[in-house]
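One structure is given below, encoded as C-alpha coordinates.
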Amino acid sequence: MRAEVVSVGTELLLGQIVDTNAAYLGRALSEVGVAVYHRTTVGDNRARLVAALREALDAADVVFTIGGLGPTQDDITRDALSEATGIPLALNEGIARELQEFLRARGAEILNSQLRQAYVPVRGWHLPNPNGTAPGLVFELPSKLAIALPGPPGEFIPMLEHAALPILRQRTGTATIRSRVLRVCGMGEAAVEDRVLDLMASDNPTVAPYAKTGEVHLRVTARGDNGEEADALAAPIIAEIQRRLGDHLYAYDDEPLEAAVVRALIERRQTVATAESCTGGMLAGRITDVPGSSAAFPGGVVAYSNGLKVAMLGVRDETLRSHGAVSREVAMAMASGVRERVGADYGIGITGVAGPDGGSEDKPVGLVYIALADPDAVDVTENRYRGIRSDVRLRATQTALTMLRDRLLLSA
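Residue numbers (the numbering used here): 98 to 509.
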(Lines of atoms letter the chains of each structure in order from A; the text may use other names.)
(Lines give C-alpha, C1' and ligand atoms only; values in the text may rest on other atoms or scores of the structure.)
Protein backbone atom coordinates (compact mmCIF):
# COMPACT_ATOMS: atom_id res chain seq x y z
CA MET A 98 0.00 0.00 0.00
CA ARG A 99 1.33 3.42 -1.01
CA ALA A 100 0.74 6.57 1.03
CA GLU A 101 1.26 10.26 0.59
CA VAL A 102 1.30 12.81 3.40
CA VAL A 103 0.13 16.41 3.14
CA SER A 104 0.94 18.65 6.10
CA VAL A 105 -1.12 21.82 6.26
CA GLY A 106 -0.16 25.17 7.76
CA THR A 107 1.67 28.34 6.78
CA GLU A 108 3.49 28.18 10.11
CA LEU A 109 5.23 25.03 8.89
CA LEU A 110 6.48 26.77 5.75
CA LEU A 111 7.72 29.73 7.79
CA GLY A 112 9.69 27.43 10.08
CA GLN A 113 7.74 28.58 13.13
CA ILE A 114 6.80 24.96 13.86
CA VAL A 115 8.84 21.84 13.09
CA ASP A 116 6.76 19.08 11.52
CA THR A 117 7.46 16.27 13.99
CA ASN A 118 4.04 14.76 13.23
CA ALA A 119 5.03 13.80 9.68
CA ALA A 120 8.16 12.03 10.89
CA TYR A 121 6.14 10.15 13.50
CA LEU A 122 3.58 9.20 10.87
CA GLY A 123 6.25 7.87 8.51
CA ARG A 124 7.66 5.57 11.17
CA ALA A 125 4.22 4.37 12.23
CA LEU A 126 3.09 3.62 8.69
CA SER A 127 6.19 1.55 7.94
CA GLU A 128 5.36 -0.69 10.88
CA VAL A 129 2.02 -1.61 9.29
CA GLY A 130 3.46 -2.18 5.83
CA VAL A 131 2.51 1.16 4.28
CA ALA A 132 5.22 2.91 2.27
CA VAL A 133 5.24 6.72 2.21
CA TYR A 134 6.19 7.76 -1.34
CA HIS A 135 5.82 11.51 -1.07
CA ARG A 136 5.40 14.22 1.53
CA THR A 137 4.15 17.74 0.89
CA THR A 138 3.71 20.84 3.01
CA VAL A 139 1.08 23.36 1.91
CA GLY A 140 0.24 26.71 3.44
CA ASP A 141 -3.22 27.94 4.37
CA ASN A 142 -4.35 28.43 0.78
CA ARG A 143 -7.35 26.42 -0.33
CA ALA A 144 -6.62 26.35 -4.07
CA ARG A 145 -3.05 25.14 -3.57
CA LEU A 146 -4.17 22.59 -1.00
CA VAL A 147 -6.87 21.18 -3.29
CA ALA A 148 -4.31 20.86 -6.10
CA ALA A 149 -1.86 19.05 -3.80
CA LEU A 150 -4.57 16.70 -2.55
CA ARG A 151 -5.73 15.81 -6.06
CA GLU A 152 -2.15 15.02 -7.08
CA ALA A 153 -1.66 12.87 -3.99
CA LEU A 154 -4.94 11.02 -4.50
CA ASP A 155 -3.95 10.21 -8.08
CA ALA A 156 -0.72 8.57 -6.91
CA ALA A 157 -1.48 6.88 -3.59
CA ASP A 158 -3.76 4.30 -2.03
CA VAL A 159 -4.14 6.37 1.12
CA VAL A 160 -3.57 10.08 1.66
CA PHE A 161 -3.00 11.52 5.11
CA THR A 162 -3.48 15.17 5.96
CA ILE A 163 -2.14 16.66 9.17
CA GLY A 164 -3.60 19.86 10.60
CA GLY A 165 -6.20 22.37 9.50
CA LEU A 166 -9.26 20.77 11.15
CA GLY A 167 -10.00 23.47 13.73
CA PRO A 168 -12.79 26.08 13.81
CA THR A 169 -11.01 29.14 12.37
CA GLN A 170 -11.04 30.51 8.83
CA ASP A 171 -7.50 29.24 8.12
CA ASP A 172 -8.52 25.67 9.03
CA ILE A 173 -9.23 24.69 5.44
CA THR A 174 -8.42 20.98 5.28
CA ARG A 175 -11.99 19.74 5.73
CA ASP A 176 -13.39 21.80 2.87
CA ALA A 177 -10.35 21.22 0.65
CA LEU A 178 -10.67 17.46 1.03
CA SER A 179 -14.36 17.65 0.20
CA GLU A 180 -13.56 19.57 -2.99
CA ALA A 181 -10.63 17.34 -3.96
CA THR A 182 -12.54 14.08 -3.46
CA GLY A 183 -15.94 15.29 -4.65
CA ILE A 184 -17.49 14.00 -1.43
CA PRO A 185 -19.88 16.51 0.22
CA LEU A 186 -19.87 17.33 3.93
CA ALA A 187 -22.91 17.09 6.19
CA LEU A 188 -23.57 18.17 9.75
CA ASN A 189 -23.31 15.30 12.24
CA GLU A 190 -25.86 16.12 14.93
CA GLY A 191 -24.18 13.86 17.49
CA ILE A 192 -20.80 15.57 17.11
CA ALA A 193 -22.52 18.98 17.24
CA ARG A 194 -24.21 18.13 20.55
CA GLU A 195 -20.96 16.80 22.04
CA LEU A 196 -19.16 19.95 20.94
CA GLN A 197 -21.79 22.22 22.45
CA GLU A 198 -21.70 20.28 25.73
CA PHE A 199 -17.90 20.43 25.77
CA LEU A 200 -17.87 24.21 25.30
CA ARG A 201 -20.75 24.80 27.73
CA ALA A 202 -18.99 22.81 30.46
CA ARG A 203 -15.98 25.10 30.12
CA GLY A 204 -18.02 28.28 30.10
CA ALA A 205 -16.95 29.03 26.52
CA GLU A 206 -19.12 30.87 24.06
CA ILE A 207 -20.69 28.61 21.43
CA LEU A 208 -19.98 30.17 18.04
CA ASN A 209 -21.23 29.07 14.64
CA SER A 210 -17.59 28.72 13.59
CA GLN A 211 -17.10 26.06 16.25
CA LEU A 212 -19.78 23.92 14.62
CA ARG A 213 -17.69 23.67 11.43
CA GLN A 214 -15.88 20.87 13.27
CA ALA A 215 -19.10 18.82 13.29
CA TYR A 216 -19.23 18.45 9.50
CA VAL A 217 -18.15 15.04 8.22
CA PRO A 218 -18.02 13.41 4.75
CA VAL A 219 -21.22 11.75 3.57
CA ARG A 220 -19.13 8.85 2.22
CA GLY A 221 -16.82 8.04 5.06
CA TRP A 222 -16.80 8.48 8.81
CA HIS A 223 -15.21 10.44 11.63
CA LEU A 224 -12.50 9.48 14.12
CA PRO A 225 -13.17 10.37 17.78
CA ASN A 226 -10.92 12.93 19.43
CA PRO A 227 -11.03 12.58 23.23
CA ASN A 228 -8.17 15.09 23.56
CA GLY A 229 -9.65 17.98 21.57
CA THR A 230 -12.68 19.33 19.75
CA ALA A 231 -11.90 18.49 16.12
CA PRO A 232 -12.64 14.89 15.09
CA GLY A 233 -10.55 13.19 12.48
CA LEU A 234 -12.15 12.42 9.13
CA VAL A 235 -12.05 9.51 6.70
CA PHE A 236 -13.12 10.17 3.10
CA GLU A 237 -13.87 6.85 1.40
CA LEU A 238 -13.34 6.62 -2.34
CA PRO A 239 -13.87 3.46 -4.45
CA SER A 240 -10.27 2.24 -4.15
CA LYS A 241 -8.57 4.55 -1.70
CA LEU A 242 -8.91 6.57 1.47
CA ALA A 243 -8.14 10.11 2.56
CA ILE A 244 -7.60 10.39 6.31
CA ALA A 245 -7.47 13.79 8.00
CA LEU A 246 -5.82 14.07 11.42
CA PRO A 247 -5.54 17.11 13.73
CA GLY A 248 -2.27 19.02 14.05
CA PRO A 249 -1.58 19.28 17.81
CA PRO A 250 0.67 16.31 18.70
CA GLY A 251 -1.36 15.58 21.81
CA GLU A 252 -4.37 14.95 19.56
CA PHE A 253 -2.56 13.65 16.48
CA ILE A 254 -0.62 10.79 18.08
CA PRO A 255 -3.50 9.18 20.06
CA MET A 256 -5.84 9.43 17.07
CA LEU A 257 -3.26 7.92 14.76
CA GLU A 258 -2.42 5.06 17.10
CA HIS A 259 -5.93 4.18 18.28
CA ALA A 260 -8.14 5.08 15.30
CA ALA A 261 -6.25 5.50 12.01
CA LEU A 262 -3.67 2.70 12.18
CA PRO A 263 -6.26 0.01 12.99
CA ILE A 264 -8.05 0.94 9.73
CA LEU A 265 -4.86 0.34 7.77
CA ARG A 266 -4.05 -2.89 9.60
CA GLN A 267 -7.38 -4.29 8.43
CA ARG A 268 -6.34 -3.56 4.85
CA THR A 269 -2.67 -4.58 4.95
CA GLY A 270 -2.94 -7.59 7.26
CA THR A 271 0.45 -8.43 8.76
CA ALA A 272 2.53 -6.75 6.02
CA THR A 273 5.49 -4.94 7.53
CA ILE A 274 8.30 -2.61 6.50
CA ARG A 275 11.37 -2.90 8.73
CA SER A 276 14.30 -0.48 8.69
CA ARG A 277 17.61 -0.74 10.49
CA VAL A 278 20.27 1.94 10.64
CA LEU A 279 23.91 0.87 10.58
CA ARG A 280 26.20 3.53 12.06
CA VAL A 281 29.66 3.98 10.56
CA CYS A 282 32.57 6.09 11.81
CA GLY A 283 36.05 6.73 10.45
CA MET A 284 34.91 6.68 6.80
CA GLY A 285 33.39 9.30 4.51
CA GLU A 286 30.10 8.85 2.67
CA ALA A 287 31.81 8.28 -0.69
CA ALA A 288 34.09 5.59 0.73
CA VAL A 289 31.16 3.82 2.40
CA GLU A 290 29.08 3.95 -0.77
CA ASP A 291 31.97 2.53 -2.79
CA ARG A 292 32.08 -0.55 -0.57
CA VAL A 293 28.34 -1.25 -0.74
CA LEU A 294 27.54 0.06 -4.23
CA ASP A 295 26.43 -3.31 -5.61
CA LEU A 296 24.17 -3.89 -2.59
CA MET A 297 22.42 -0.58 -3.27
CA ALA A 298 21.01 -2.08 -6.47
CA SER A 299 18.82 -4.41 -4.40
CA ASP A 300 15.08 -3.74 -4.53
CA ASN A 301 14.12 -5.62 -1.37
CA PRO A 302 15.82 -4.92 0.91
CA THR A 303 17.02 -1.49 -0.13
CA VAL A 304 20.34 -0.01 1.06
CA ALA A 305 20.80 3.77 1.27
CA PRO A 306 23.73 5.72 2.75
CA TYR A 307 23.37 9.21 4.13
CA ALA A 308 25.91 11.50 5.75
CA LYS A 309 25.58 12.74 9.30
CA THR A 310 27.93 15.06 11.15
CA GLY A 311 31.17 13.15 11.56
CA GLU A 312 29.76 9.77 10.53
CA VAL A 313 27.72 7.90 7.93
CA HIS A 314 24.48 5.98 8.37
CA LEU A 315 23.37 3.08 6.17
CA ARG A 316 19.64 2.40 6.19
CA VAL A 317 18.58 -1.13 5.28
CA THR A 318 14.82 -1.42 4.62
CA ALA A 319 12.98 -4.67 3.94
CA ARG A 320 9.32 -5.34 3.10
CA GLY A 321 7.69 -8.60 4.06
CA ASP A 322 4.33 -10.22 4.65
CA ASN A 323 5.19 -10.09 8.36
CA GLY A 324 7.96 -8.85 10.62
CA GLU A 325 9.79 -12.17 10.65
CA GLU A 326 9.94 -12.29 6.86
CA ALA A 327 11.18 -8.69 6.64
CA ASP A 328 13.89 -9.39 9.23
CA ALA A 329 14.95 -12.55 7.38
CA LEU A 330 15.29 -10.61 4.11
CA ALA A 331 17.43 -7.92 5.74
CA ALA A 332 19.68 -10.21 7.78
CA PRO A 333 22.05 -11.42 5.00
CA ILE A 334 22.49 -7.90 3.61
CA ILE A 335 23.28 -6.54 7.07
CA ALA A 336 25.78 -9.35 7.66
CA GLU A 337 27.50 -8.63 4.33
CA ILE A 338 27.72 -4.91 5.11
CA GLN A 339 29.25 -5.72 8.47
CA ARG A 340 31.82 -7.97 6.79
CA ARG A 341 32.78 -5.28 4.29
CA LEU A 342 32.97 -2.38 6.73
CA GLY A 343 34.50 -4.26 9.63
CA ASP A 344 35.23 -2.18 12.73
CA HIS A 345 34.05 0.99 11.02
CA LEU A 346 30.52 -0.21 11.75
CA TYR A 347 30.20 0.72 15.40
CA ALA A 348 26.49 0.36 16.27
CA TYR A 349 22.94 -0.16 15.07
CA ASP A 350 19.81 2.00 15.14
CA ASP A 351 19.73 4.55 17.96
CA GLU A 352 23.06 3.95 19.73
CA PRO A 353 25.33 7.01 19.28
CA LEU A 354 29.11 6.82 19.11
CA GLU A 355 29.57 7.98 22.70
CA ALA A 356 27.42 5.10 23.95
CA ALA A 357 29.50 2.58 21.99
CA VAL A 358 32.71 4.09 23.43
CA VAL A 359 31.42 4.11 27.01
CA ARG A 360 30.28 0.52 26.63
CA ALA A 361 33.73 -0.51 25.37
CA LEU A 362 35.45 1.27 28.27
CA ILE A 363 33.21 -0.37 30.84
CA GLU A 364 33.77 -3.80 29.29
CA ARG A 365 37.54 -3.26 29.65
CA ARG A 366 37.23 -1.62 33.08
CA GLN A 367 39.04 1.45 31.80
CA THR A 368 38.43 5.18 32.08
CA VAL A 369 38.94 8.37 30.10
CA ALA A 370 39.32 12.01 31.17
CA THR A 371 38.90 15.04 28.93
CA ALA A 372 40.65 18.40 28.60
CA GLU A 373 38.76 20.75 26.29
CA SER A 374 39.34 24.22 25.01
CA CYS A 375 37.40 25.09 21.82
CA THR A 376 34.77 22.39 22.41
CA GLY A 377 33.96 23.89 25.81
CA GLY A 378 32.88 20.67 27.53
CA MET A 379 30.89 19.25 24.61
CA LEU A 380 32.88 16.01 24.64
CA ALA A 381 32.36 15.54 28.37
CA GLY A 382 28.68 16.34 27.87
CA ARG A 383 28.29 13.69 25.20
CA ILE A 384 29.98 11.10 27.39
CA THR A 385 27.92 11.92 30.47
CA ASP A 386 24.71 11.79 28.41
CA VAL A 387 25.23 8.02 28.40
CA PRO A 388 23.58 6.28 31.38
CA GLY A 389 26.17 4.58 33.57
CA SER A 390 29.06 6.62 32.15
CA SER A 391 30.34 7.42 35.66
CA ALA A 392 31.98 3.98 35.61
CA ALA A 393 34.15 5.09 32.68
CA PHE A 394 34.43 8.86 33.09
CA PRO A 395 35.84 10.26 36.34
CA GLY A 396 35.80 13.81 35.02
CA GLY A 397 37.23 16.47 32.75
CA VAL A 398 38.49 20.04 32.57
CA VAL A 399 37.34 22.93 30.39
CA ALA A 400 40.46 25.08 30.08
CA TYR A 401 39.64 27.92 27.72
CA SER A 402 42.29 30.35 28.94
CA ASN A 403 46.03 29.79 28.86
CA GLY A 404 46.16 30.38 32.60
CA LEU A 405 43.84 27.46 33.28
CA LYS A 406 45.78 25.27 30.87
CA VAL A 407 48.86 25.91 32.99
CA ALA A 408 47.21 25.73 36.42
CA MET A 409 44.80 22.84 35.87
CA LEU A 410 46.55 20.72 33.27
CA GLY A 411 50.24 21.41 33.75
CA VAL A 412 50.81 22.85 30.27
CA ARG A 413 54.14 24.69 30.38
CA ASP A 414 54.29 28.44 29.76
CA GLU A 415 57.19 27.83 27.41
CA THR A 416 55.06 25.45 25.29
CA LEU A 417 52.32 28.06 24.99
CA ARG A 418 54.78 30.84 24.11
CA SER A 419 56.67 28.75 21.54
CA HIS A 420 53.78 27.05 19.79
CA GLY A 421 50.60 28.92 20.75
CA ALA A 422 47.45 27.59 22.40
CA VAL A 423 46.27 26.04 19.13
CA SER A 424 49.05 23.56 18.43
CA ARG A 425 49.76 19.84 18.48
CA GLU A 426 52.19 20.37 21.38
CA VAL A 427 49.54 21.98 23.59
CA ALA A 428 46.94 19.34 22.69
CA MET A 429 49.40 16.61 23.69
CA ALA A 430 50.22 18.37 26.96
CA MET A 431 46.51 18.78 27.74
CA ALA A 432 45.80 15.09 27.10
CA SER A 433 48.74 13.91 29.21
CA GLY A 434 48.02 16.42 31.96
CA VAL A 435 44.36 15.54 32.43
CA ARG A 436 45.11 11.80 32.32
CA GLU A 437 47.73 12.11 35.05
CA ARG A 438 45.81 14.51 37.28
CA VAL A 439 42.52 12.62 37.11
CA GLY A 440 44.13 9.19 37.23
CA ALA A 441 42.41 7.85 34.11
CA ASP A 442 43.64 5.24 31.65
CA TYR A 443 43.20 7.63 28.73
CA GLY A 444 43.27 11.39 28.35
CA ILE A 445 41.90 13.46 25.47
CA GLY A 446 43.03 17.00 24.74
CA ILE A 447 41.24 19.30 22.26
CA THR A 448 42.35 22.78 21.21
CA GLY A 449 41.46 24.72 18.08
CA VAL A 450 39.75 27.63 16.38
CA ALA A 451 35.99 27.04 16.24
CA GLY A 452 35.20 30.44 14.69
CA PRO A 453 33.62 32.42 13.31
CA ASP A 454 36.43 34.78 14.38
CA GLY A 455 39.91 34.22 15.77
CA GLY A 456 41.50 32.53 12.78
CA SER A 457 44.68 33.54 10.99
CA GLU A 458 46.52 32.55 7.82
CA ASP A 459 48.59 30.01 9.75
CA LYS A 460 45.78 28.87 12.01
CA PRO A 461 42.46 29.30 10.18
CA VAL A 462 38.98 28.79 11.52
CA GLY A 463 38.27 25.06 11.63
CA LEU A 464 41.81 24.02 12.62
CA VAL A 465 41.59 21.68 15.62
CA TYR A 466 44.27 19.52 17.23
CA ILE A 467 43.09 16.44 19.08
CA ALA A 468 45.42 14.33 21.23
CA LEU A 469 44.89 10.96 22.89
CA ALA A 470 47.19 9.89 25.72
CA ASP A 471 47.62 6.53 27.43
CA PRO A 472 50.39 5.35 29.80
CA ASP A 473 52.70 4.51 26.89
CA ALA A 474 52.21 7.18 24.22
CA VAL A 475 50.44 10.33 23.06
CA ASP A 476 48.97 10.54 19.56
CA VAL A 477 47.77 13.77 18.00
CA THR A 478 45.86 14.59 14.81
CA GLU A 479 45.56 17.85 12.92
CA ASN A 480 42.03 18.36 11.65
CA ARG A 481 40.59 21.03 9.37
CA TYR A 482 36.82 21.19 9.60
CA ARG A 483 34.38 23.21 7.54
CA GLY A 484 31.10 24.66 8.72
CA ILE A 485 29.75 26.98 11.35
CA ARG A 486 31.03 27.07 14.91
CA SER A 487 28.68 24.38 16.21
CA ASP A 488 29.64 22.06 13.33
CA VAL A 489 33.36 22.47 14.03
CA ARG A 490 32.89 21.71 17.71
CA LEU A 491 30.66 18.69 17.07
CA ARG A 492 33.02 17.26 14.44
CA ALA A 493 35.94 17.65 16.84
CA THR A 494 34.18 15.63 19.53
CA GLN A 495 33.26 13.00 16.93
CA THR A 496 36.90 12.68 15.88
CA ALA A 497 37.99 12.39 19.50
CA LEU A 498 35.51 9.60 20.19
CA THR A 499 36.55 7.79 17.00
CA MET A 500 40.23 8.01 18.02
CA LEU A 501 39.46 6.56 21.44
CA ARG A 502 37.31 3.79 19.97
CA ASP A 503 40.08 2.85 17.53
CA ARG A 504 42.60 2.69 20.39
CA LEU A 505 40.26 0.49 22.43
CA LEU A 506 39.83 -1.89 19.49
CA LEU A 507 43.61 -2.17 19.11
CA SER A 508 44.01 -3.00 22.77
CA ALA A 509 41.27 -5.65 22.78
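All C-beta atoms in this analysis are idealised placements derived from N, C-alpha and C, irrespective of residue type, glycine included.
Is the beta carbon of residue j closer than 8 angstroms to that of residue i?
i	j	result
T368	D473	no
V272	N301	According to the sequence shown, residue 272 is Ala rather than Val. Taking 8 angstroms as the Cβ cut-off, A272 and N301 do not qualify as a contacting pair.
A432	A381	no
G164	S127	no
R151	A181	yes
V133	G123	yes
L346	Q339	yes
L178	A245	yes
Y349	L279	yes
R492	G452	no
S374	T448	yes
V289	L315	yes
V398	A356	no
A58	T137	Residue coverage of the chain in this structure runs from 98 to 509, which leaves residue 58 outside it and unanswerable.
Y466	V423	yes
Of the residues the options, which one's Cα is nearest the Cα of residue i?
i	options	result
I445	D459, S457, A428	A428
A497	P232, E479, A327, E286	E479
Q211	N226, L405, T230, P218	T230
E101	D155, G251, A327	D155
R436	M409, T416, G456, R418	M409
E325	G130, L505, M297	G130
S390	P249, M379, I363	I363
D158	F236, L146, G106	F236
L109	D141, P218, R99, Y121	D141
L354	P255, R175, A327, K309	K309
Which partner residues does residue i have in the DSSP bridge list?
i	result
V139	V105
H314	R280, Y307
V160	E101, A243
G449	V465
P218	L186
V131	DSSP lists no partner for V131.
R275	A319
D476	L469
G233	L224
Tell me, to the nearest whole angstrom, how far the beta carbon of residue i is from that of residue j; I am working on the premise that it is less than 8 angstroms.
i	j	result
I173	G221	Actually they do not touch by this definition, with Cβ atoms about 18 angstroms apart.
V462	V450	5 angstroms
I274	V304	Not confirmed; about 14 angstroms, so no contact.
L224	A125	Not really, about 15 angstroms apart at Cβ, beyond 8 angstroms.
R341	R292	5 angstroms
M284	V313	6 angstroms
Establish whether the CB of residue i and some CB of chain B are separated by less than 8 angstroms.
i	result
E128	Within the model displayed, chain B is absent; a lone protein chain is all it includes.
### Query
If you scan the segment 346-419 from start to end, which runs of the alpha helix (DSSP H) of 4 or more residues do you find wholly inside it?
354-365, 379-385, 403-410
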